[in-house]
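Under my numbering, residue 1663 is the last one in the sequence shown; the count climbs by one each step, no gaps. The beta carbon of each residue, even a glycine, is placed where N, CA and C say it ideally should be. All of these numbers come straight from a predicted model, not from anything done at the bench. What follows is a single structure, written as C-alpha coordinates, with notes after it.
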Amino acid sequence: MGKEDNTKVGNVLRGFGETNLISIIRSITGFGEDNDLEFLEIDGNMLAIKIDGISLSTSRMPFMTYFDMGWKVMAAVGSDFLVKLTKPLYAVVSITMRGDSGIDEFRELINGLNEGANYLGMKYLGGDLNEGLDNVIDVAAIGKPLAGIIGRKPRVGDVLVTKPYFGYTGLVFKLYYSNELNRWIDSRVVREGIEILKRPRLEMNILNDLLRHRECISASMDSSDGLGKVLWTMSTDGGVKIIINELPVSEDFLNSMSEIGDVNIEEAVFNGGEEFLPVFSVRRSCIPVFERLGFKPFATVEEGEGVYFKGSILRYRGWDYFTGWAST
(Lines of atoms letter the chains of each structure in order from A and count residues from 1; the text may use other names and numbers.)
(Lines give C-alpha, C1' and ligand atoms only; values in the text may rest on other atoms or scores of the structure.)
Protein backbone atom coordinates (compact mmCIF):
# COMPACT_ATOMS: atom_id res chain seq x y z
CA MET A 1 0.00 0.00 0.00
CA GLY A 2 1.45 3.35 -1.03
CA LYS A 3 1.68 6.57 0.91
CA GLU A 4 -1.39 7.98 -0.81
CA ASP A 5 -3.44 4.94 0.24
CA ASN A 6 -2.29 5.33 3.84
CA THR A 7 -3.43 8.94 3.81
CA LYS A 8 -6.87 7.91 2.60
CA VAL A 9 -7.21 5.28 5.31
CA GLY A 10 -6.24 7.84 7.94
CA ASN A 11 -8.96 10.23 6.78
CA VAL A 12 -12.00 7.97 6.98
CA LEU A 13 -14.73 8.25 9.60
CA ARG A 14 -14.20 4.81 11.12
CA GLY A 15 -11.79 5.15 13.99
CA PHE A 16 -12.16 8.94 14.12
CA GLY A 17 -15.15 8.74 16.43
CA GLU A 18 -18.54 10.37 16.88
CA THR A 19 -17.30 12.80 19.53
CA ASN A 20 -14.59 14.16 17.23
CA LEU A 21 -17.05 14.42 14.35
CA ILE A 22 -19.40 16.48 16.53
CA SER A 23 -16.47 18.81 17.23
CA ILE A 24 -16.09 19.33 13.47
CA ILE A 25 -19.80 20.15 13.17
CA ARG A 26 -19.55 22.63 16.03
CA SER A 27 -16.47 24.30 14.53
CA ILE A 28 -18.23 24.80 11.18
CA THR A 29 -21.74 25.73 12.34
CA GLY A 30 -20.78 27.57 15.50
CA PHE A 31 -23.55 25.99 17.56
CA GLY A 32 -23.03 25.96 21.30
CA GLU A 33 -22.99 23.32 24.00
CA ASP A 34 -24.09 19.83 23.01
CA ASN A 35 -26.99 19.18 25.38
CA ASP A 36 -29.00 16.23 24.00
CA LEU A 37 -31.88 18.62 23.19
CA GLU A 38 -31.61 21.90 21.32
CA PHE A 39 -33.53 24.77 22.90
CA LEU A 40 -34.80 27.77 20.96
CA GLU A 41 -37.05 30.73 21.62
CA ILE A 42 -39.68 31.77 19.06
CA ASP A 43 -41.84 34.84 19.72
CA GLY A 44 -41.24 34.52 23.43
CA ASN A 45 -42.03 30.81 23.54
CA MET A 46 -39.32 28.31 24.48
CA LEU A 47 -39.25 25.10 22.44
CA ALA A 48 -37.01 22.04 22.41
CA ILE A 49 -36.15 19.95 19.37
CA LYS A 50 -34.49 16.59 18.98
CA ILE A 51 -33.53 14.30 16.12
CA ASP A 52 -32.33 10.72 16.38
CA GLY A 53 -31.92 7.96 13.86
CA ILE A 54 -30.90 4.36 13.32
CA SER A 55 -29.73 2.17 10.49
CA LEU A 56 -31.43 -1.20 10.63
CA SER A 57 -28.40 -2.95 9.13
CA THR A 58 -26.27 -1.97 12.14
CA SER A 59 -28.86 -1.55 14.93
CA ARG A 60 -31.33 -4.37 14.41
CA MET A 61 -30.42 -7.51 16.34
CA PRO A 62 -31.82 -10.93 15.30
CA PHE A 63 -34.47 -10.96 18.03
CA MET A 64 -35.87 -7.53 17.02
CA THR A 65 -38.90 -7.02 14.78
CA TYR A 66 -39.60 -4.01 12.59
CA PHE A 67 -42.19 -2.98 15.18
CA ASP A 68 -39.45 -3.05 17.83
CA MET A 69 -37.23 -0.79 15.74
CA GLY A 70 -39.99 1.77 15.25
CA TRP A 71 -40.78 1.77 18.96
CA LYS A 72 -37.11 1.94 19.89
CA VAL A 73 -36.19 5.00 17.84
CA MET A 74 -39.20 6.85 19.29
CA ALA A 75 -38.02 5.85 22.78
CA ALA A 76 -34.53 7.16 22.01
CA VAL A 77 -36.01 10.56 21.22
CA GLY A 78 -38.40 10.53 24.17
CA SER A 79 -35.63 9.64 26.61
CA ASP A 80 -33.79 12.90 25.96
CA PHE A 81 -37.00 14.89 26.47
CA LEU A 82 -37.71 13.16 29.79
CA VAL A 83 -34.23 13.65 31.21
CA LYS A 84 -34.40 17.38 30.40
CA LEU A 85 -37.85 17.68 32.04
CA THR A 86 -39.42 18.52 28.70
CA LYS A 87 -42.77 17.29 27.40
CA PRO A 88 -42.52 15.75 23.90
CA LEU A 89 -45.35 16.90 21.64
CA TYR A 90 -44.98 16.11 17.94
CA ALA A 91 -42.75 13.89 15.81
CA VAL A 92 -42.03 13.61 12.09
CA VAL A 93 -40.16 10.67 10.60
CA SER A 94 -37.93 10.26 7.56
CA ILE A 95 -37.89 6.65 6.39
CA THR A 96 -35.47 5.23 3.82
CA MET A 97 -36.08 1.61 2.79
CA ARG A 98 -34.71 -0.77 0.21
CA GLY A 99 -37.00 -1.43 -2.72
CA ASP A 100 -37.06 -5.15 -1.97
CA SER A 101 -38.34 -4.62 1.59
CA GLY A 102 -41.71 -6.21 2.29
CA ILE A 103 -44.92 -4.21 2.58
CA ASP A 104 -45.73 -6.09 5.80
CA GLU A 105 -42.34 -5.02 7.20
CA PHE A 106 -43.13 -1.41 6.33
CA ARG A 107 -46.56 -1.63 7.96
CA GLU A 108 -45.00 -3.20 11.07
CA LEU A 109 -42.43 -0.39 11.27
CA ILE A 110 -45.11 2.31 11.05
CA ASN A 111 -47.16 0.60 13.76
CA GLY A 112 -44.10 0.55 16.01
CA LEU A 113 -43.42 4.24 15.39
CA ASN A 114 -47.04 5.17 16.01
CA GLU A 115 -47.49 3.13 19.17
CA GLY A 116 -44.14 4.30 20.50
CA ALA A 117 -45.17 7.92 19.95
CA ASN A 118 -48.53 7.32 21.66
CA TYR A 119 -46.80 5.71 24.64
CA LEU A 120 -44.66 8.84 25.04
CA GLY A 121 -47.62 11.20 24.67
CA MET A 122 -46.47 12.41 21.24
CA LYS A 123 -48.40 12.80 18.01
CA TYR A 124 -46.77 11.17 14.96
CA LEU A 125 -47.53 13.64 12.17
CA GLY A 126 -46.02 11.82 9.18
CA GLY A 127 -42.79 12.72 7.37
CA ASP A 128 -40.82 11.66 4.31
CA LEU A 129 -40.25 8.41 2.36
CA ASN A 130 -37.17 7.48 0.36
CA GLU A 131 -35.70 4.44 -1.39
CA GLY A 132 -32.08 3.57 -0.66
CA LEU A 133 -29.50 0.84 -0.13
CA ASP A 134 -30.24 0.49 3.60
CA ASN A 135 -33.27 0.83 5.87
CA VAL A 136 -32.82 4.03 7.90
CA ILE A 137 -35.24 5.70 10.31
CA ASP A 138 -34.79 9.31 11.48
CA VAL A 139 -37.20 10.86 13.98
CA ALA A 140 -37.35 14.60 14.62
CA ALA A 141 -39.51 15.81 17.49
CA ILE A 142 -40.50 19.04 19.15
CA GLY A 143 -41.44 19.55 22.78
CA LYS A 144 -42.15 22.09 25.48
CA PRO A 145 -39.51 22.69 28.18
CA LEU A 146 -41.21 22.68 31.57
CA ALA A 147 -38.28 23.60 33.80
CA GLY A 148 -35.86 25.79 31.87
CA ILE A 149 -32.65 24.44 30.38
CA ILE A 150 -30.83 21.65 32.22
CA GLY A 151 -27.26 21.14 31.04
CA ARG A 152 -24.60 18.47 31.51
CA LYS A 153 -22.39 20.21 34.09
CA PRO A 154 -22.79 18.70 37.58
CA ARG A 155 -22.48 20.90 40.65
CA VAL A 156 -19.61 20.17 43.04
CA GLY A 157 -21.02 18.52 46.15
CA ASP A 158 -23.89 16.89 44.25
CA VAL A 159 -24.73 13.21 44.16
CA LEU A 160 -25.52 11.33 40.94
CA VAL A 161 -28.71 9.27 41.01
CA THR A 162 -30.28 6.90 38.50
CA LYS A 163 -32.62 3.96 38.22
CA PRO A 164 -30.73 0.80 39.31
CA TYR A 165 -31.37 -1.22 36.17
CA PHE A 166 -27.98 -1.13 34.50
CA GLY A 167 -26.21 -4.24 33.27
CA TYR A 168 -29.02 -6.04 31.47
CA THR A 169 -28.44 -4.58 28.01
CA GLY A 170 -24.67 -4.65 28.41
CA LEU A 171 -24.88 -8.36 29.19
CA VAL A 172 -26.88 -9.05 26.02
CA PHE A 173 -24.48 -7.01 23.88
CA LYS A 174 -21.48 -8.82 25.36
CA LEU A 175 -22.98 -12.27 24.80
CA TYR A 176 -24.22 -11.43 21.31
CA TYR A 177 -20.92 -10.07 20.00
CA SER A 178 -19.00 -13.01 21.49
CA ASN A 179 -21.43 -15.47 19.82
CA GLU A 180 -22.61 -16.72 23.21
CA LEU A 181 -26.18 -15.34 23.22
CA ASN A 182 -27.91 -18.52 22.03
CA ARG A 183 -26.21 -20.48 24.78
CA TRP A 184 -27.81 -18.28 27.46
CA ILE A 185 -31.01 -17.29 25.65
CA ASP A 186 -33.25 -19.03 28.22
CA SER A 187 -31.63 -17.30 31.19
CA ARG A 188 -34.05 -14.92 32.92
CA VAL A 189 -31.51 -12.11 33.17
CA VAL A 190 -30.75 -12.40 29.45
CA ARG A 191 -34.46 -12.42 28.57
CA GLU A 192 -34.89 -9.28 30.65
CA GLY A 193 -32.07 -7.57 28.75
CA ILE A 194 -33.57 -8.59 25.41
CA GLU A 195 -36.96 -7.17 26.40
CA ILE A 196 -35.37 -3.84 27.38
CA LEU A 197 -33.59 -3.67 24.02
CA LYS A 198 -36.71 -4.61 22.07
CA ARG A 199 -39.23 -2.40 23.82
CA PRO A 200 -37.71 0.18 26.21
CA ARG A 201 -40.47 1.57 28.42
CA LEU A 202 -39.64 5.02 29.69
CA GLU A 203 -41.18 6.16 32.97
CA MET A 204 -42.89 9.22 31.52
CA ASN A 205 -45.24 9.23 34.52
CA ILE A 206 -42.46 10.53 36.80
CA LEU A 207 -42.14 13.80 34.88
CA ASN A 208 -44.50 15.73 37.17
CA ASP A 209 -42.71 14.42 40.27
CA LEU A 210 -39.36 15.48 38.84
CA LEU A 211 -40.73 18.94 38.06
CA ARG A 212 -41.70 19.41 41.69
CA HIS A 213 -38.03 18.96 42.61
CA ARG A 214 -36.42 20.87 39.75
CA GLU A 215 -34.36 22.97 42.17
CA CYS A 216 -32.51 19.82 43.22
CA ILE A 217 -31.13 19.13 39.73
CA SER A 218 -27.98 20.72 38.29
CA ALA A 219 -27.34 18.39 35.33
CA SER A 220 -28.80 15.40 33.52
CA MET A 221 -28.19 12.91 30.71
CA ASP A 222 -29.76 9.69 29.49
CA SER A 223 -27.84 6.44 29.13
CA SER A 224 -28.46 5.71 25.45
CA ASP A 225 -24.70 5.48 24.77
CA GLY A 226 -23.78 3.77 28.02
CA LEU A 227 -23.25 4.85 31.62
CA GLY A 228 -19.51 5.23 31.04
CA LYS A 229 -20.22 7.80 28.31
CA VAL A 230 -22.56 9.70 30.64
CA LEU A 231 -20.03 9.90 33.46
CA TRP A 232 -17.11 10.92 31.28
CA THR A 233 -19.20 13.53 29.47
CA MET A 234 -20.42 15.05 32.73
CA SER A 235 -16.90 15.10 34.13
CA THR A 236 -15.43 16.72 31.02
CA ASP A 237 -18.22 19.23 30.39
CA GLY A 238 -18.48 20.19 34.05
CA GLY A 239 -14.76 20.20 34.82
CA VAL A 240 -15.40 18.00 37.85
CA LYS A 241 -14.25 14.75 39.39
CA ILE A 242 -16.80 11.96 39.70
CA ILE A 243 -16.33 9.20 42.27
CA ILE A 244 -18.44 6.08 41.72
CA ASN A 245 -19.33 4.59 45.10
CA GLU A 246 -21.37 1.60 43.95
CA LEU A 247 -22.80 0.04 40.82
CA PRO A 248 -26.36 1.19 39.99
CA VAL A 249 -27.70 -2.33 39.62
CA SER A 250 -30.45 -4.39 41.20
CA GLU A 251 -29.95 -7.30 43.56
CA ASP A 252 -31.82 -9.40 41.01
CA PHE A 253 -29.21 -8.62 38.37
CA LEU A 254 -26.27 -9.39 40.66
CA ASN A 255 -27.81 -12.65 41.85
CA SER A 256 -28.70 -13.73 38.31
CA MET A 257 -25.21 -13.01 36.98
CA SER A 258 -23.83 -15.91 39.00
CA GLU A 259 -25.34 -18.31 36.46
CA ILE A 260 -23.70 -16.62 33.46
CA GLY A 261 -20.21 -17.50 32.30
CA ASP A 262 -17.20 -15.25 31.85
CA VAL A 263 -18.80 -11.79 31.74
CA ASN A 264 -17.28 -8.76 33.45
CA ILE A 265 -20.09 -7.15 35.45
CA GLU A 266 -18.45 -3.72 35.43
CA GLU A 267 -18.12 -3.80 31.65
CA ALA A 268 -21.78 -4.80 31.31
CA VAL A 269 -22.80 -1.88 33.53
CA PHE A 270 -20.61 0.90 32.13
CA ASN A 271 -20.24 -0.19 28.49
CA GLY A 272 -23.83 -1.18 27.84
CA GLY A 273 -26.16 1.43 26.41
CA GLU A 274 -29.74 1.62 25.15
CA GLU A 275 -31.10 1.30 28.68
CA PHE A 276 -32.51 4.82 28.19
CA LEU A 277 -32.25 5.48 31.93
CA PRO A 278 -32.04 9.03 33.33
CA VAL A 279 -28.98 10.15 35.30
CA PHE A 280 -29.43 13.27 37.43
CA SER A 281 -26.94 15.31 39.43
CA VAL A 282 -28.83 16.42 42.56
CA ARG A 283 -28.18 18.15 45.86
CA ARG A 284 -27.24 15.76 48.63
CA SER A 285 -30.21 16.97 50.70
CA CYS A 286 -32.55 15.82 47.91
CA ILE A 287 -31.48 12.16 48.02
CA PRO A 288 -34.47 10.98 50.13
CA VAL A 289 -36.90 12.54 47.64
CA PHE A 290 -35.29 10.82 44.68
CA GLU A 291 -35.03 7.52 46.53
CA ARG A 292 -38.80 7.62 47.02
CA LEU A 293 -39.09 7.96 43.23
CA GLY A 294 -37.05 4.79 42.77
CA PHE A 295 -33.66 6.40 42.11
CA LYS A 296 -30.42 5.13 43.60
CA PRO A 297 -27.49 7.38 44.59
CA PHE A 298 -24.30 5.88 43.20
CA ALA A 299 -21.64 8.59 42.71
CA THR A 300 -20.45 11.90 44.13
CA VAL A 301 -19.25 15.06 42.40
CA GLU A 302 -16.04 16.66 43.66
CA GLU A 303 -13.55 19.29 42.57
CA GLY A 304 -10.98 17.92 40.15
CA GLU A 305 -11.22 15.93 36.95
CA GLY A 306 -11.79 12.38 35.73
CA VAL A 307 -14.08 9.50 36.69
CA TYR A 308 -12.95 7.06 39.38
CA PHE A 309 -14.15 3.66 40.53
CA LYS A 310 -12.49 1.62 43.28
CA GLY A 311 -9.66 4.13 43.49
CA SER A 312 -8.73 3.97 39.80
CA ILE A 313 -9.68 5.82 36.62
CA LEU A 314 -12.81 4.30 35.09
CA ARG A 315 -11.58 2.59 31.94
CA TYR A 316 -14.99 2.19 30.33
CA ARG A 317 -16.08 5.12 28.14
CA GLY A 318 -19.35 3.89 26.62
CA TRP A 319 -20.43 3.80 22.98
CA ASP A 320 -19.12 6.10 20.25
CA TYR A 321 -20.23 5.67 16.64
CA PHE A 322 -17.34 4.98 14.26
CA THR A 323 -15.21 3.57 17.11
CA GLY A 324 -17.58 1.31 19.09
CA TRP A 325 -17.40 0.66 22.83
CA ALA A 326 -14.43 2.50 24.23
CA SER A 327 -12.10 1.31 26.99
CA THR A 328 -8.70 2.58 28.08
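- Using 10 angstroms around the beta-carbon of Lys1645, count the other beta-carbons present and answer buried if the total reaches 16, otherwise exposed. exposed
- Task: Would you give the residue range spanned by the alpha helix (DSSP H) that Leu1356 belongs to?
- Result: Glu1353 to Thr1364
- Item | Buried versus exposed, by CB contacts within 10 Å (16 or more), Asp1463 | exposed
- Query: Looking at C-alpha atoms only, which residue of Ala1383, Val1471 and Met1569 is the closest neighbour of Arg1395?
  - Reply: Val1471
- Message: Rounding to the nearest angstrom, what Cα-Cα distance links Ser1662 and Leu1546 in this structure?
- Response: 35 Å
- N- and C-terminal bounds of the beta strand (DSSP E) containing Leu1375: Glu1373 to Ile1377
- Query: Which term fits Pro1489, buried or exposed, when burial requires 16 or more other beta carbons within 10 angstroms of its beta carbon?
  - Reply: buried
- Ser1448 to Met1409, Cα distance in whole Å? The question names Ser, yet the displayed sequence has Leu at residue 1448. Between Leu1448 and Met1409, the C-alpha separation is close to 6 Å.
- Item | Simplified DSSP assignment, three categories, for Asn1599 | coil
- Is it right to say Phe1605 is buried, meaning 16 or more other beta carbons lie within 10 angstroms of its own, or is it exposed? buried
- Message: I need the DSSP call for Asn1517, collapsed to helix, strand or coil.
- Response: helix
- Task: Count the CB pairs spanning the region 1651-1660 and the region 1592-1606 that are closer than 8 Å, and state whether there are at least three.
- Result: yes
- Buried or exposed: Ser1553, going by 16 or more other Cβ atoms within 10 Å of its Cβ? buried
- Message: Considering only the alpha carbon of each residue, which of Glu1530, Glu1601, Tyr1643 and Pro1632 lies closest to Pro1499?
- Response: Pro1632
- So the alpha helix (DSSP H) Gly1528 belongs to, where does it begin and stop? Arg1523 to Lys1533
- Message: Does Arg1619 come out as helix, strand or coil in the three-state DSSP assignment?
- Response: helix
- Item | Reduced DSSP secondary structure (H/G/I, E/B, other) of Ile1438 | helix
- Who pairs with Ile1314 in a beta bridge, going by DSSP? Outside the shown range of the chain, which is 1336 to 1663, sits residue 1314, and nothing can be said about it.
- Query: Exposed or buried, which one is Ala1476 when buried takes at least 16 other CB atoms within 10 Å?
  - Reply: buried
- Message: Tell me the DSSP secondary structure of Asn1341 in three-state form.
- Response: Because Asn1341 carries a pLDDT of 39, less than 50, the predicted location of this residue cannot be relied on, and no value is offered for it.
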